[in-house]
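K.L.:
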Amino acid sequence: MKRILPFFLLLTGCSSVSIDATKMDQLQNTYELAHRRQFVAIAGDESIGRSIAATAEAVCGQAGVALLDVKRPDYITVPMSPRGYLHCRQ
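End of the sequence shown = 109 in the numbering used here, gap-free, step of one.
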(Lines of atoms letter the chains of each structure in order from A; the text may use other names.)
(Lines give C-alpha, C1' and ligand atoms only; values in the text may rest on other atoms or scores of the structure.)
Protein backbone atom coordinates (compact mmCIF):
# COMPACT_ATOMS: atom_id res chain seq x y z
CA MET A 20 0.00 0.00 0.00
CA LYS A 21 2.87 2.38 0.74
CA ARG A 22 4.11 1.98 -2.81
CA ILE A 23 0.74 2.87 -4.37
CA LEU A 24 0.00 5.94 -2.23
CA PRO A 25 2.55 8.26 -3.94
CA PHE A 26 1.01 7.40 -7.31
CA PHE A 27 -2.44 8.52 -6.15
CA LEU A 28 -0.99 11.70 -4.66
CA LEU A 29 0.71 12.42 -7.97
CA LEU A 30 -2.57 11.94 -9.83
CA THR A 31 -4.46 14.32 -7.58
CA GLY A 32 -1.75 16.94 -7.90
CA CYS A 33 -1.72 16.78 -11.70
CA SER A 34 -5.45 16.72 -12.23
CA SER A 35 -7.15 19.76 -13.67
CA VAL A 36 -10.54 21.19 -12.79
CA SER A 37 -13.07 20.91 -15.58
CA ILE A 38 -16.17 23.09 -15.73
CA ASP A 39 -19.41 22.37 -17.57
CA ALA A 40 -21.31 25.33 -19.04
CA THR A 41 -25.08 24.90 -19.45
CA LYS A 42 -27.09 27.56 -21.26
CA MET A 43 -30.06 28.56 -19.11
CA ASP A 44 -31.78 31.27 -21.17
CA GLN A 45 -31.44 31.81 -24.92
CA LEU A 46 -32.73 35.40 -24.90
CA GLN A 47 -30.80 36.69 -21.89
CA ASN A 48 -27.54 34.86 -22.74
CA THR A 49 -27.15 33.29 -19.27
CA TYR A 50 -25.26 30.15 -18.29
CA GLU A 51 -24.76 27.93 -15.28
CA LEU A 52 -21.13 26.90 -14.74
CA ALA A 53 -20.62 23.81 -12.58
CA HIS A 54 -17.64 21.72 -11.55
CA ARG A 55 -17.56 18.34 -13.28
CA ARG A 56 -16.76 15.76 -10.65
CA GLN A 57 -13.91 13.43 -11.52
CA PHE A 58 -13.03 10.17 -9.82
CA VAL A 59 -9.56 11.08 -8.58
CA ALA A 60 -9.57 14.88 -8.69
CA ILE A 61 -9.71 16.71 -5.38
CA ALA A 62 -9.96 20.47 -5.86
CA GLY A 63 -10.52 23.26 -3.39
CA ASP A 64 -13.13 25.98 -3.67
CA GLU A 65 -10.52 28.56 -4.69
CA SER A 66 -9.19 26.54 -7.64
CA ILE A 67 -12.74 25.74 -8.76
CA GLY A 68 -13.60 29.45 -8.52
CA ARG A 69 -10.59 30.38 -10.68
CA SER A 70 -11.58 27.73 -13.23
CA ILE A 71 -15.15 29.04 -13.29
CA ALA A 72 -13.87 32.58 -13.95
CA ALA A 73 -11.62 31.36 -16.76
CA THR A 74 -14.47 29.36 -18.30
CA ALA A 75 -16.76 32.40 -18.06
CA GLU A 76 -14.29 34.49 -20.07
CA ALA A 77 -14.01 31.73 -22.66
CA VAL A 78 -17.80 31.29 -22.95
CA CYS A 79 -18.53 35.00 -23.37
CA GLY A 80 -15.65 35.61 -25.75
CA GLN A 81 -15.14 39.15 -27.04
CA ALA A 82 -18.54 40.34 -25.78
CA GLY A 83 -17.24 40.02 -22.22
CA VAL A 84 -18.70 39.05 -18.87
CA ALA A 85 -21.55 41.25 -17.64
CA LEU A 86 -22.16 39.39 -14.36
CA LEU A 87 -20.58 36.32 -12.76
CA ASP A 88 -21.98 35.16 -9.42
CA VAL A 89 -20.00 32.41 -7.65
CA LYS A 90 -20.78 33.20 -4.02
CA ARG A 91 -23.01 30.92 -1.98
CA PRO A 92 -25.89 32.48 -0.09
CA ASP A 93 -25.28 32.76 3.66
CA TYR A 94 -28.16 30.43 4.49
CA ILE A 95 -26.47 27.47 2.77
CA THR A 96 -24.36 25.82 5.47
CA VAL A 97 -23.70 22.39 3.96
CA PRO A 98 -20.41 21.87 2.11
CA MET A 99 -20.87 21.85 -1.65
CA SER A 100 -18.76 22.68 -4.65
CA PRO A 101 -19.20 26.20 -5.94
CA ARG A 102 -21.08 26.90 -9.13
CA GLY A 103 -21.33 30.09 -11.10
CA TYR A 104 -24.18 31.89 -12.76
CA LEU A 105 -23.00 33.87 -15.77
CA HIS A 106 -24.58 36.62 -17.83
CA CYS A 107 -22.64 37.67 -20.94
CA ARG A 108 -22.81 41.10 -22.55
CA GLN A 109 -24.57 41.21 -25.87
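Glycine included, every Cβ here is placed at the ideal spot set by N, Cα and C.
Report the three-state DSSP secondary structure of arginine 102 (helix, strand or coil).
P.N.:
Strand at arginine 102.
K.L.:
For aspartate 93, which three-state DSSP category applies?
P.N.:
Here aspartate 93 sits in coil by DSSP.
K.L.:
Opposite cysteine 79 in the DSSP bridges: which residues?
P.N.:
DSSP, once it has assigned bridges, lists no residue as partnering cysteine 79.
K.L.:
Less than 9 angstroms separating the beta-carbons of leucine 46 and glycine 103?
P.N.:
No. Outside cutoff.
K.L.:
Rounded to whole angstroms, what is the Cα-Cα separation between threonine 100 and tyrosine 50?
P.N.:
The sequence shown places serine at residue 100, rather than the threonine named in the question. Straight-line Cα distance between these residues: approximately 17 angstroms.
K.L.:
For leucine 86, count neighbouring C-beta atoms within 10 Å of its own C-beta (all shown protein chains included) and say buried if the count is 16 or more, exposed if not.
P.N.:
Its Cβ having fewer than 16 others within 10 Å, leucine 86 is exposed.
K.L.:
Output the distance between the C-alpha atoms of glutamine 81 and tyrosine 94, rounded to the nearest integer angstrom.
P.N.:
One C-alpha to the other measures close to 35 angstroms.
K.L.:
Mind checking serine 70: buried by the 16 CB within 10 Å criterion, or exposed?
P.N.:
By the 10 Å Cβ count, serine 70 comes out buried.
K.L.:
With distance defined between alpha-carbon atoms, name the residue in Ser37, Gly83 and Arg91 nearest to histidine 109.
P.N.:
In the sequence under discussion, the amino acid at residue 109 is glutamine, which differs from the histidine named in the question. Nearest C-alpha to glutamine 109: Gly83.
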